[in-house]
Structures are given as structure tokens and as C-alpha cells.
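Residue numbers (the working numbering): 1 to 362. Ideal Cβ positions, reconstructed from N, Cα and C, are used throughout, including at glycine. On a predicted model such as this, the values are computed, not experimentally measured, just so you know. A short worksheet on the structure shown next.
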Amino acid sequence: MKMRIITTILLVLSIMRVQAQSLDNFELVDNFKVKGLTTKVYFKDPFKVLIKTYPDFDSKDNKTKFELLTTYLHENTLYIFQTSRKQEIIKNYQLKGNPKKVKTRYYFNLEVNNPNGTIDKIIDKTNIGGSFFEHMSIFQNSQGKDLVGKGVQIWGYFSKIEPYKDIKDNISNVIKMDIENTLPKDFIYKEEPIIEPLFDYQTCGVNSVKKRIITTDVLEYDSLGQISRRFPRTETDTELYLSARAKDIGGVTTFPYFSSTDKKDKKDNKIYITSTLDNINYYLKDISVTTFPNSEQIEKIEGKLIIHGFTTSGETTDYELYIAEFAKVGDCFLPKTVKFCPIEDVNYQQPRIKIEIEYELK
């Protein structure tokens, strides 16, 4: 009997140690029930971690601060929803950034862990993203609380302060479905196979490019056709393949990544592409690739850009002309200038948007 009690105590202490380790630096922020299970919610403040990791964080420039925060959120756990019954932990639902989800707002996965730390499943469709969250320390005073749910400018970026209620409702619904064993199959995360490239520039770019600096100019013109106003924005990208594969207009148009299974119809030095990839077809149609004379190197990619809009009546589409002009970068020929032009501007003289791309090679 005495040995049984000692064994039980050791087991409880072991469980407590595992729990303490997994919740290190997390703060309890909520406690409620889902389908009869006690659900405790823990939050780890990215700001506290960044300030501890980078003592000079507050003195860094705004762009660096935002990049450090973005990297942290894509690589770490933000919330843990822990379910239990009579003090026995059932599962930990960890809202965790996925570094492979780039150029998309909803970059979080929900990793479902068993009490022993093994992964039970990973939920892909969380519909949760953002950069700033209600439980962050900077929003805990009365002024900060008033900003929750609103769009504000922080560090030069316009961002919404994500309300905890939206996250709670979303994850609670997933937990309920998990308990009832009714999770749709397409909710479960699956590793996407690597897409084999169609053109040499894709292979060369992915193997050679370390970083891209992408400058996007939104242009306005006066009655004489001269640029009257421009609205520039600069961003960096260090994940060329992931960016190109994302369902994002910037990722698709600045480095069109075609599949080896796409259909090619070649006429002289023009190649007409019928793509099998969803992200390409969402933004581009009537795609043609022009090579330099007597060469396999690509000079330009042209097509129609599909502009998606959303109204109370549903989705709308409009079209612009698209061109990506290539240039030699190291040993590669890569997109250097991208233009979105009105459909009647067949010579690309007055682009609505002009994108210039600089490359840093490995």
C-alpha cells in the first residue's frame, strides 16, 4: 500500500513537471468549459520574449521590430488551450505559427498534443492570423484596451489588434469537433509535395537567391500622362519558393512558379502556358512566355491579371495587363520589373503598379 502511494505521488510529480515545462513563461488568461471539459487558456507574450532576447529592442528601427515580431510569431506558440477532466489533462491545443505559410494572413496552425507531448494531429484551417493580439502587455492599460478590434498604425504598419474572443470562438469550435470526432478531413494539415519546375529560371532562382528586396510603386498620372503621385512600399523576402507558391498576388506575379505538369504550346520564341496550379490560375490567365531569339533564356512573361473584388452580392473579377521583364542576375535570368497596366495600355506605358526587384545571391 505504501509503495502504491509513493508511486502515485511520483507519477503526479512527473505530470506536474511536464506541465510546468510546457507552460514555461505562459500566463493563464481564461478558464471555461467545452463539452463539459475544463479548458484553461495560456498566453505567451511575444513582446516580453523579444525584449528579453534583444535588450535593445525598443531602440531598433520600426522595420526591424516588425520583422522580428513577424518571424517570432511564425515560429512559436502564441496560445495554448488545455482541456482536462478532474485534474487529468486530456489534450493541449497549441496555436502555433507555421513558417512555411508566407504571403498569407492566416499563418497559424493548431497543433493538437497528447498529455505526453506527442502530436495527435495538426489543424491547418484555423483562419487565425495577425501581428498584434489583445493579451499583449502593451494593450493591457485602458488606452490599449480601447484599441482592441480596431485598425491602428504601429511601427509604421496599419494593423488590426486581434480580439481574443474571435480566437476563442474559433478554437472552441475546433475543440468541440475534435471531442465529437467530426473534424472535416480538409481541416487536417498535410505537407504539400515540392512542385517540380517547368523552366530553368525557377530552379536557378530557388537555388541561388538568398533575399529579394521588392519595391512596389502605386502610380497616379496627370492629364498629360506624367506621373503626378506615387505611393512606394518596400518589403524583403527570404523564402522565394514559398512566396512563389503562396496564394498571394505579389508572390505569384513577382516570381511565377510553374509546374512541370503544366501544358506548353510553343510557337517560335513564344510559349503559351496552361497551368495546373491553383495559385497561378487565381491571378493569371492567357499566359505567354517569350524567350530571347535563338535562346532558351526568358525575356518576359505576359498575361492578364485577374483582380478579385468582393461585394455584398458576391465576388467580382476585373482584368489588367501583366508583364514581368527579366534580366541577368548572377548566372540566372530572373524577373526584375513587373507592371500591372490598364487593359487598353498594350505597350505598358502607364502602369498602375510598377514593381522593381533586387536580388541578394547566396
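Item                                                                                                             : Value
Three-way DSSP call (helix, strand, coil) for L13 in this model                                                  : For L13, the pLDDT reaches just 43, beneath the cut-off of 50, and the residue's location in the model is therefore unreliable, although a value from the coordinates is still provided. Reduced to three states, the DSSP call for L13 is helix.
8 Å CB neighbourhood of T126 in its chain, flanking five on each side removed                                    : L95, Y106, F108, N109, L110, N170, I171 and V174
Whether I357 touches K336 by CB criterion (8 Å)                                                                  : yes
Exposed unless 16 or more other CB atoms sit within 10 angstroms - verdict on E134                               : buried
At least 3 beta-carbon pairs within less than 8 Å: the stretch 307 to 319 vs the stretch 219 to 234              : no
Outcome for A327 when other beta-carbon atoms lying within 10 angstroms are tallied against a minimum of 16      : exposed
Whole runs of the beta strand (DSSP E) within the stretch 198 to 234, excluding any shorter than 3 residues      : 209 to 221
Close-in-space but distant-in-sequence residues of the same chain around G144 (CB under 7 Å, 5 per side omitted) : I138
A244 - DSSP class collapsed to helix/strand/coil                                                                 : helix
Nearest neighbour of I90, chosen from T64, E67, D120 and T104 [CA to CA]                                         : D120
For V34: DSSP bridge partner residues                                                                            : L37
Segment limits, beta strand (DSSP E) that includes Q94                                                           : E88 to G97
Secondary structure of K65, DSSP reduced to three states                                                         : helix
Inter-residue Cα distance where the pair is L23 and L68                                                          : 22 Å
Validate contact between the stretch 195 to 203 and the stretch 177 to 186 using beta carbons, cut 8 Å, 3 pairs  : no
Spatial neighbours of K33 in its chain, beta-carbon cut-off 8 Å, leaving aside the 5 residues before and after   : T39
Top-ranked residue by Cα proximity to R233, from S243, I307 and Y157                                             : Y157
Bridge-paired residues (DSSP) for F340                                                                           : Y322 and I353
The beta strand (DSSP E) enclosing Q82, as first and last residue numbers                                        : T77 to R85
Cβ-based neighbour list, G225, same chain, cut-off 7 Å, excluding 5 preceding and 5 following                    : Q350
Buried versus exposed, by CB contacts within 10 Å (16 or more), L73                                              : buried
Reference V41, options K339, E162, L28 and N141, closest by Cα                                                   : L28
Whole-angstrom C-beta distance between K211 and E360, which should lie under 8 Å                                 : 4 Å
Classification of K339 by the beta-carbon crowding that lies within 10 angstroms, buried from 16 upward          : buried
Span separating the alpha-carbon of L198 from that of K263                                                       : 9 Å
Own chain, CB closer than 6 Å to E162, minus 5 neighbours either side, in chain order                            : G130 and F133
Simplified DSSP assignment, three categories, for Y283                                                           : helix
Whole runs of the beta strand (DSSP E) within the stretch 92 to 144, excluding any shorter than 3 residues       : 108 to 113 and 119 to 123
Distance CB(L242)-CB(V209) smaller than 8 Å                                                                      : no
T8 versus Q87: straight-line alpha-carbon distance, rounded                                                      : For T8, the predicted structure reports a pLDDT of 45, less than 50, and the residue's modelled location is therefore unreliable. A value from the coordinates is still provided. Taking the straight line from one Cα to the other gives about 14 Å.
Buried or exposed by the 16-neighbour rule on C-beta atoms within 10 Å, applied to T118                          : exposed
Sequence-distant residues of the same chain with beta carbon closer than 8 Å to R85, five excluded per side      : G36, L37 and T38
Check whether I353 and D217 have beta carbons under 8 Å apart                                                    : yes
Distance, K285 Cα to G314 Cα                                                                                     : 21 Å
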